[in-house]
Amino acid sequence: MTESTAGEIVTSETVGPAVLHEAAHALAALDHGIGVLYVNRSEVGLESPGDLLERGRHHGAIAIAYAITALAGHAAAPETGLSKSDELLLEHAFFLGSWSDPPNETLGALSVLAENFVLEHREEIENLAIALDQRCSMSGTELEKFLGGKG
C-alpha cells in the first residue's frame with residue numbers, strides 16, 4: 000500500500016481547489032488558536048498575533064501555528080500553490096520563530112506538519128469548503144458556529 004498525500008486525499012467533486020485552499024487555512028487557524036475575522040472563497044482574514052502573545056503563548060508556538068495555517072491551503076490543494084498573502088504569513092512566522100535552522104529545512108518540517116493537519120482534518124475541510132462555496136463568505140463567528148465552537 001502506498002502512502003497518500005494530503006492533496007490526493009482532500010479532493011471534492013463539488014468545490015474547486017481555491018475553496019478547499021481557503022477552508023484549510025480557516026480550519027488550521029482556528030485549530031491552532033488563531034482568530035478568524037472572516038473567510039470567503041478567495042481569502043481568510045486573521046486576527047493579529049499580538050492577541051496570542053497577550054494570552055501567554057510563546058513566540059515559537061505562535062510561529063508554528065501561523066506557518067501551518069499558511070501552508071495548509073497548499074497542502075489541501077497543491078495545484079493552488081502559495082499566494083502572496085500565504086508567503087507573507089509564512090515570512091512572519093519565520094520571523095516570530097527566529098529559527099536558526101536553514102530555512103529550507105524548517106520549511107520542509109513545517110510543510111509536513113501542515114500536510115498531517117490536512118490529512119487529519121480532511122472531512123472537516125471538505126465540509127467547510129462545501130458550505131463556503133454555497134454561502135460565498137462567513138464571518139469568524141459564523142465559522143466557529145459551523146465548526147461547533149472551535150477557536
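Taking numbering that gives the first Met the number 0, I'd label the letters of the sequence shown as residues 0 to 150.
We treat Cβ as the ideally placed atom computed from N, Cα and C, and that holds for glycine.
On a predicted model such as this, the values are computed, not experimentally measured, just so you know.
Residue j beta carbon less than 8 Å from that of residue i
i, j, result
"H20", "G72", "yes"
"L70", "L127", "no"
"R74", "A113", "What sits at residue 74 in the sequence shown is Ala, not Arg. Against a cut-off of 8 Å, the Cβ pair of A113 and A74 comes out as a contact."
"V38", "A25", "yes"
"F93", "P102", "yes"
"L106", "R40", "no"
"I129", "V14", "yes"
"I61", "F116", "no"
"V35", "G139", "yes"
"E143", "L29", "yes"
"S84", "E42", "yes"
Contact test: residue i Cβ vs the ligand ATP heavy atom, cutoff 7 Å
i, result
"L142", "In the structure shown, the ligand ATP is absent, as is every other ligand, since no ligand is present at all."
For residue i, the residue or residues it bridges with in DSSP
i, result
"Y37", "G44 and S138"
Residue span of the alpha helix (DSSP H) that contains residue i, given as start and end
i, result
"E78", "No alpha helix (DSSP H) contains E78, which DSSP labels as neither H nor E."
"P102", "P102 to E119"
"L19", "P16 to D30"
Own chain partners of residue i with C-beta closer than 6 Å, once the 5 adjacent residues on each side are dropped
i, result
"A76", "P16, L19 and H20"
7 Å Cβ shell around residue i - same chain, five flanking residues per side excluded
i, result
"S3", "Only weak support exists for where S3 lies, its pLDDT of 42 falling under 50; the value from the coordinates is given anyway. So the list is empty, once near-sequence residues are dropped."
"W98", "T105"
"G239", "In this structure the chain extends from 0 to 150, so residue 239 is not present and cannot be described."
"L87", "none"
Neighbourhood of residue i by C-beta distance below 8 Å, restricted to the same chain and skipping five residues each side
i, result
"F145", "L127, A130 and M137"
"Q133", "none"
"E119", "none"
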